[in-house]
Amino acid sequence: MDLLEYQGKQLLARHGIPVPEGKVAASVEDAVSAAEAIGYPCAVKAQVQIGGRGKLGGIKIAANAEEARAHAGAILGMDIRGLTVHEVWIEAASAIASEYYASLVFDRAAKAPLVLLSTRGGIDIEQVAAETPEAIASLHVDPLLGFQPYHGRRLAYEAGVDADVVRAVGEFLAALYATFVAEEAMLVEVNPFVITPEREVRALDAKVTLDDNAMYRHPDNASLRDLSSEDPQERMAKERHLTYVKLDGDIGVLGNGAGLVMSTLDVVAQHGGAPANFLDAGGGARADAVTAAVEVILSNPKVKAVLFNIFGGITRCDEVARGLIEAFEQIKPAVPFVVRLDGTNAPEGRTLLEAASLPNVYAAATMDEAAERVVELTR
Amino acid sequence: MDLLEYQGKQLLARHGIPVPEGKVAASVEDAVSAAEAIGYPCAVKAQVQIGGRGKLGGIKIAANAEEARAHAGAILGMDIRGLTVHEVWIEAASAIASEYYASLVFDRAAKAPLVLLSTRGGIDIEQVAAETPEAIASLHVDPLLGFQPYHGRRLAYEAGVDADVVRAVGEFLAALYATFVAEEAMLVEVNPFVITPEREVRALDAKVTLDDNAMYRHPDNASLRDLSSEDPQERMAKERHLTYVKLDGDIGVLGNGAGLVMSTLDVVAQHGGAPANFLDAGGGARADAVTAAVEVILSNPKVKAVLFNIFGGITRCDEVARGLIEAFEQIKPAVPFVVRLDGTNAPEGRTLLEAASLPNVYAAATMDEAAERVVELTR
Amino acid sequence: MSVIVDKQTRLCVSGITGREGSFHTLNNRAYGTQVVSGVTPGKGGLDLEGIPVFNTFREAVAASDANTAMVFVPPAFAADSILEAADAGIETIIAITEGIPAHDELRVYAQLRRAGGARLIGPNCPGVLSPGKANVGIIPAAFFREGNVGVVSRSGTLTYQVGHELAQRGLGNSSIVGIGGDPVPGSSFVDILELFQDDPETELIVIAGEIGGRAEEDAAEFIAGHVTKPVVAYIAGFTAPPGKTMGHAGAIVSGSQGTAAAKAAALEAHGVRVGRTPTEVADLVTEIAAK
Amino acid sequence: MSVIVDKQTRLCVSGITGREGSFHTLNNRAYGTQVVSGVTPGKGGLDLEGIPVFNTFREAVAASDANTAMVFVPPAFAADSILEAADAGIETIIAITEGIPAHDELRVYAQLRRAGGARLIGPNCPGVLSPGKANVGIIPAAFFREGNVGVVSRSGTLTYQVGHELAQRGLGNSSIVGIGGDPVPGSSFVDILELFQDDPETELIVIAGEIGGRAEEDAAEFIAGHVTKPVVAYIAGFTAPPGKTMGHAGAIVSGSQGTAAAKAAALEAHGVRVGRTPTEVADLVTEIAAK
């Protein structure tokens, strides 16, 4: 789960990391009164889960109430790479002596958390890695030993932070690691964190991704989910415990197993089609899950045809056929379906479908054939 | 630092371990009103840092206010193996279905914490180990991995706790381990912890030793030190940062280095003497530390003679001589001193002492000779 | 021969009395796998159709001489069960459970690595099938036959799809290894490639990868340096948009990292033939096997 | 030869710029020890009478090729310094610092054990002296001469006392090893006995133990099974009352555990001669050496 900047900062603050004072606001009036309470200059920041919002006009500095009103008015409701801004974060502007970068990620190959520290803050880290790799210090932390004070010193000296803040930066990294572990994050990135003229460390941004699998241990964090900015189909799918990702095309896709669904999308694309979604009905999908999945797929008005690609393992093809028949009874879809059933109980499933003789439903023998057919149907 | 029972229980409660409700009282009146508040039956328990107080009359059950008054009156001020009872702990009596034992200690050889669990609670564990070793389950915990749920299950099943409380006992052990680590204890022993008729776990006793070296990280715990029950000489020594242990004899002993002082006590005893104390003036002892040490030694009225046994390494013998001369100027001791100086700057030290010609101070060339002489002086 | 599971496998199932656990345990036994015991705390002394159940792995291993564990318990208990199995001396642990918290996984890997010894397959994986010898997990064995193609995959159904197409072409498998779809799996492509390279029964290797991470890039480098057997690859997720998790927790393109195109390119650069569809993979394998 | 420190020792001192650290560093160098670098965070780039100071152990090891560390930092920072030294590839770590929290020590031991490699002497120890070769720590070298008696001890001054008496009788030492007085030392008697047994220069071994724990009992068993050289022992603390810590954190009789009498009995039962006073120890050694 990706957090908004201000949620991430609240998480950091919980672990002792200094962040600027601020307030979140969903209306221009609230934004102005937040700015008045905080004082000027203050920053008005769009709260969207996407990088680069500054360049796109999503961050403005206000010197007075008038400017705060103007900026909040401009930013609230604006579209940033497809995401609508529903909230702004108003925070006291910080005086900056140095801008640094720090992050914690999972390194898959090393099977350990990786800490990155750079003295080139405020810039995309991939750009820094390409331009000045020597400006990035990194090390793996042993998950059993944890982040040690000497790790902090090593990173700080190797990255070349100002000598007088080595200890403070080390403590900041330790707190970042504590946040990462305690909150069970997959990513914690602070770009930039700054050294103020008073030589204090402060986090000016926060990009935090939490582990959905661990959310049961963090009920407080679960409530941070930003439902309002989620896509309506994705929200609907989540409520039905389906794994669904909305895409740009017009062919609805359902399959069982993440790999097979990804593969189906690829094969559809190879045949010139544009998938409208990724939907994994899961291992052992039952009829009611299939019915629910059809509802989700068809709630996207762009969908012109639907492809079912099932290779039954634990999933039984007759169950899938029953779910599809049920869905047709309930929804009476207006678009054509191509159905490929293979694997466990495939003959039974095919027989059921034939017997139901659903309108506009076509059987296909292979994945390739199914993809070809569904693409034709959208032409 | 050894905690009193009620302090230990407060520590356990801080980590979620259920303990009976109770109050500490230093007077009979306070004890009675505590008992009235808690209700009857309640236990009146002597708070002394020593085992076996139950058999010695230090724990009584009161059925009403009259009995509470009588028990508190009898226990407060009583002497338990040389320790005076200054406080009693009044707690609600617990209904008991089973009595178990659990402890966490440092296993020196394994360099790891050792957890012990036994279904024979309320009995000295050394006795259980001798009589029914199979009733004790044990395992080492890896300090980096920590106590895992499966450790709890393994101990509970191996010790043979009642099947319905396996999970509860496992969670209790996990909380005990959490206490051990978080509070930096050297020992946590709960004997007994009980299963109530409602099948709940409850700690009825607590013996906790905290690591003095870690106390700087636990300022709250540092205040638990039970100064009132400490020996006056030991308290005086602690205030002067000297390592002093009071013993039963009449020969004051000072040396530098714990091993050498222990050895000196042994040699004195071999010559028929009885040491009055252990006092390690430490590596690199300076004159003022020596002066302070003499004051501590002589504040014990039983001391009839004093032995200085110094083998100078970092400690310089001339510094020790200066400290002794200073002490004589300030205190004018009435008892004889035997002084053995060897090692770093020994000739200088001896010369200083000779020049000062302190009354009643005798030089000795070797440790053996010094011990022999000081024993003679007390005859 | 074969890899990871075979006739010598003596399986102990953690979570054997659960609905899924008991179903697949009996399935695996029906296939011929030696299922010697199970673990469910509190159910010690019972049995599942003759398979004895114990309270702890230590008891189970002592009584049944198990050398392999299959973990079927819910995610909140799975890390503990894996550690318990390793601590009891189990050599191979196959964790089917999906949804184990990532930080739990990291602690488990660090502990297994230091304790040295136990090999972990998964979590969030379909298990390992060595056709004709043993099946540990949920792979539907009916689609596979004995043969000389080793398959290692991050995806379950995709593997079935490939295996099925191979079987239709008359080709069988030495072993099918599902390493699982989590971001940081217990065993990587490289770990399994090493086993297949050393397995005399395996003559050809298929790896089925997907977007996210750089396990396929690492595999490509390892193949170039250490694998002499022919390798055919498939990568799923060419159409996946960046920043979206595609079903598997590990299947996500982050910025410019982990794209299917980069993976396919890396493999091809090291001489691995990459099929663009599962069918094409089966065709390539058939072509190579026919040589 | 000798054990732990010798002419090959290349020492890096952690806490080199502190009062004690700088004093003993220069003392050790004056004795002939190769002191190649020091570490004090924030003082990198400075030097102590020509010995370069670095901010981190990694830098120090890279620049000076140190293989041994001496740790002199205050207790709150010592565990971190030991871990840093090990992480930087240092092989031998001698920790002088007294008062390191016990739980810090446990974490350090567990980490050193798993990382495999670094040997830790101490903490709370006087160091190691190999007369005529190298001195690392605070042992006053003047009382010892070169020779063939290996000494391992839990106590500093007691060791000086014994060494001095040996020197007065014309006997010298291969190495003097102070393992320290904490309850759980980094290296035990057994660890050092093993080294002395394998050291051709050591012909006779003295161990100086004290109350608390069962390190001496373990040593007795080890000697019976693995040590062919004659061993003489001393145990301090026959008069120590139970339950009282006698100066060293580890010197405490707990219930009936850890008494001097039990230790002496265990050693004698395994054929080790135990002197009742330091003088008697020196006499026994002289007697054996004369044979």
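Residue numbers (my numbering), protein chains in the order written: chain R, 1 to 379; chain Y, 380 to 758; chain Z, 759 to 1049; chain D, 1050 to 1340. Here a beta-carbon is modelled for each residue, glycine too, at the ideal position from N, C-alpha and C. No experiment lies behind these values; they were computed from the predicted model shown.
Inter-residue spacing [alpha-carbon to alpha-carbon] between residue i and residue j
i	j	result
R1163 (chain D)	R872 (chain Z)	6 Å
I459 (chain Y)	E446 (chain Y)	21 Å
G914 (chain Z)	E923 (chain Z)	14 Å
S1159 (chain D)	P492 (chain Y)	Per the sequence shown, residue 1159 (chain D) should be read as Ala rather than Ser. Their Cα atoms are separated by approximately 11 Å.
V1323 (chain D)	R758 (chain Y)	30 Å
A1285 (chain D)	F1271 (chain D)	20 Å
G928 (chain Z)	Y536 (chain Y)	52 Å
G349 (chain R)	K304 (chain R)	24 Å
V569 (chain Y)	E384 (chain Y)	10 Å
I965 (chain Z)	L242 (chain R)	27 Å
E87 (chain R)	A43 (chain R)	13 Å
Exposure label - residue i; buried when at least 16 CB within 10 Å
i	result
D805 (chain Z)	exposed
A1079 (chain D)	exposed
H1297 (chain D)	buried
N300 (chain R)	buried
Q1217 (chain D)	exposed
S1014 (chain Z)	exposed
Y595 (chain Y)	exposed
G77 (chain R)	exposed
H984 (chain Z)	exposed
S736 (chain Y)	exposed
A441 (chain Y)	buried
I710 (chain Y)	exposed
E239 (chain R)	exposed
E510 (chain Y)	exposed
T767 (chain Z)	buried
T694 (chain Y)	buried
R373 (chain R)	buried
G967 (chain Z)	buried
R1068 (chain D)	exposed
Nearest residue (CA-CA) to residue i, options the options
i	options	result
L341 (chain R)	R:P333, R:T351, R:V105	R:T351
G808 (chain Z)	Z:G796, Z:V819, Z:T814	Z:G796
A489 (chain Y)	Y:H450, Y:I396, Y:L518	Y:L518
S473 (chain Y)	Y:L639, Y:E579, Y:A481	Y:E579
E171 (chain R)	R:L117, R:D211, R:P197	R:L117
T575 (chain Y)	Y:A749, Y:V407, Y:V548, Y:N688	Y:V548
P1234 (chain D)	D:A1289, D:G1171, D:V1157, D:T1288	D:G1171
In DSSP terms, what residue i is bridged to
i	result
N931 (chain Z)	Z:V907
Y1283 (chain D)	D:A1257, D:G1324
S795 (chain Z)	Z:C770
P20 (chain R)	Per DSSP, none; premise fails for P20 (chain R).
P113 (chain R)	R:F106
Q1306 (chain D)	D:S1303
V361 (chain R)	R:F337
S477 (chain Y)	Y:I574
Residue-level contact to chain A via CB, residue i, 9 Å cutoff
i	result
H1297 (chain D)	Here chain A cannot be found, since the structure's protein chains are R, Y, Z and D.
The stretch 967–980 of chain Z / the stretch 926–935 of chain Z touching (three or more Cβ pairs under 8 Å): no
Per the contact definition of three or more C-beta pairs closer than 8 Å, is the stretch 311–324 of chain R in contact with the stretch 279–289 of chain R? yes
Do three or more CB pairs link the stretch 556–568 of chain Y to the stretch 384–402 of chain Y at distances below 8 Å? yes
Taking contact to mean at least 3 C-beta pairs separated by less than 8 Å, is the stretch 250–259 of chain R in contact with the stretch 269–285 of chain R? yes
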